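With the first sequence counted from 1, adding 102 to any position gets you my numbering. Every residue, glycine too, gets a C-beta built ideally from N, C-alpha and C. Predicted model only: the values in this text are computed from it and were never measured.
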Amino acid sequence: MKTRRALGLVGEEARVRGWVYRKRDLGGKIFVVVRDSEGVMQVVVDRATAPPEAVRAAEAATIESAVEAWGRVEADPRAPGGAELRAEGFVLHSRAEDFPIKGGEGVDYLLDVRHLWIRSRRLTAVWRLRHVALHAMRRYLDENGWWEVSPPILTQSAVEGGATLFEVNFFGRKAYLSQSAQFYLEALIYSLERVWSLTTSFRAERSRTRRHLYEYWHLETEEAWARMRDSMRVAAELVAAAVRGVLEGASEELSLLGRSTEPLERAARPDYPSITYDEAVELLRRKGVSVEWGDDLGADEERVLTGYFDTPFFVTHFPKHLKSFYMKPDPGRPEVVLGFDLLAPEGYGEVIGGSEREDRYEALLARIREEGLNPDEYRWYLDLRRYGSVPHSGFGLGVDRLVMWIAGLDHIRDSLPFPRFRDRIYP
RNA sequence: GCCGGGGUAGCUCAGCGGUAGAGCGCCGGGCUGUUAACCCGGUGGUCGGGGGUUCGAAUCCCCUCCCCGGCGCCA
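And the structure:
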């Protein structure tokens, strides 16, 4: 049985198995803290009362050895969790060699032994929290009429800039790892209308920040007939659903991670404020940041802006030249586009980017040419505007960034088990 | 790509021209209740790699590789 259940069986017999988390061998007793997928439990092997073979096994057990123990559960305030197993039997299933992680190691070293580091209680709590957040978002989409679809990862052309593509050899031809499923989702709205996907996206930007991965988990939506505001509402509801899901289903993980729940409670309702790019520039100037209209909002600017809000918030209507060619210009103000970002508070920054898409063939073609892109490469994408084009909008959510904010992590690498960032590809 | 910091024992680091060090870990011993247990003893090194200066280089110089923090780019 799991340690969590065994801890509640005071006065009864229990049997637990797992890995040695801590071991303290005193003269008369051996204390072995056993870790499993649900927590830890202390096993006490008493040299005076336990069978000799159990004592020998406990003596031989090293940190991270796989063990199994059985006996009576007794309440004891000195035991972690308030109860412990008084061993009547103890078996060493597999003795671990000297475990290379003892505590106090540096990040570089720990990343080299990431396959072992991921056993830590802290990281385990993150994976659980992540599961809960993803589950909550999937459930929200499912209950609101969205179809989950499976777009390709191997693609021929870019969605974002071409300089940041990972190239692969496709039987002698060049192909690329997907940066975004957006174009494929756009193709699917003509039959399913509301679609979403969860895929890995790849960006070969040589970023050295704590919020970039080369390979990240991308939750994207696309909806026919939807305007920018419709898409923003979905984005807010999706994030709020994830936050609520974690508050309800991962409260122990939040507390193990030392995460304050106050910012999360404020974000549990999807009524996030929204400002335009123009207003953002105005707010920044008021704080003494020197920005000109048309400048991109960098990390410093984002940080200042997040100081104005204590919930996630939107920034909308960016200057056209700052954003991708597929975003639709505002009909009343063609120098800005109907695009939006959702920024997480507490300095975490951009979690979602979305827009209403350009749905007119000629306008899209003109924008592709304006950007110096080759229209031939976007032929099938342009085709979508030739056969029953409709207004549509969508967004992409960085799952890892959302988890990073919800869990209160100080680096995106710990939002997933084997992060691909910097020059790390091992393990 | 740019700016800054750093590579010395298994790990974290000190040493910064004159015989390679500490703490932790590990191994052995002790201890009837530990919470990263404690006490005693032992173990441990291509000083990231290459070249140079010097009587002598971990230490100074050049090249190179790797790591960390930040910027830009984005999710």
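- Take the alpha-carbon of Thr226 and the one of Tyr292: they are about 41 Å apart.
- Relative to the Cα of Arg107, the nearest Cα in the group Leu187, Asp178 and Ser167 belongs to Leu187.
- Annotation for Trp507: no beta strand (DSSP E) segment contains it, though the alpha helix (DSSP H) segment containing it runs Val501 to Ala509.
- Contact between Ile514 and Val345 does not hold, since the beta-carbon distance rounds to 18 Å and is not under 8 Å.
- Taking the Cα positions, Glu207 is about 14 Å away from Ile220.
- By the neighbour-count criterion, in which a residue is buried when 16 or more other Cβ atoms sit within 10 angstroms of its Cβ, Phe416 is buried.
- Contiguous beta strand (DSSP E) elements confined to the region 172-241 occur at 185-196, taking only those with 3 or more residues.
- For the 7 Å CB-CB criterion, Val297 and Glu324 form a contact.
- Bounds of the alpha helix (DSSP H) holding Met330 are Met330 to Gly351.
- With a cut-off of 8 Å on Cβ pairs, the region 277-288 is in contact with the region 299-313, counting three or more such pairs.
- Per DSSP, Trp121 is one residue of the beta strand (DSSP E) stretching across Glu115 to Asp127.
- Here the alpha carbon of Pro519 sits roughly 30 Å from the alpha carbon of Glu403.
- Using a Cβ-Cβ distance cut-off of 8 Å, the region 354-369 and the region 378-386 are not in contact, since fewer than three pairs of beta carbons, one from each stretch, lie closer than that value.
- Per DSSP, Leu366 is one residue of the alpha helix (DSSP H) stretching across Glu364 to Arg368.
- Val438 carries a strand assignment under DSSP once its states are collapsed to helix, strand and coil.
- Between the alpha carbons of Glu161 and Pro182 lies a distance of about 21 Å.
- Residue pairing for Arg469: DSSP places it in no beta bridge.
- Residue range Glu317 to Ala326 is occupied by the beta strand (DSSP E) that includes Glu322.
- Using a 10 angstroms sphere on the CB of His419, the tally of other CB atoms reaches 16 or more, which defines it as buried.
- Shown here for Trp248: same chain residues with a beta carbon closer than 6 Å to its own, the five before and five after excluded, namely Arg296 and Trp298 in chain order.
- Between the alpha carbons of Lys430 and Pro421 lies a gap of roughly 11 Å.
- By DSSP's assignment, His494 forms a beta bridge with Ala326.
- Contiguous beta strand (DSSP E) elements confined to the region 399-434 occur at 415-418, taking only those with 3 or more residues.
- About 23 Å separates the beta carbon of Tyr483 from that of Phe273, a gap too long to meet the 8 Å contact definition.
- Residue environment: Thr413 is assigned as buried (16 or more neighbouring CB atoms within 10 Å of its CB, all protein chains considered).
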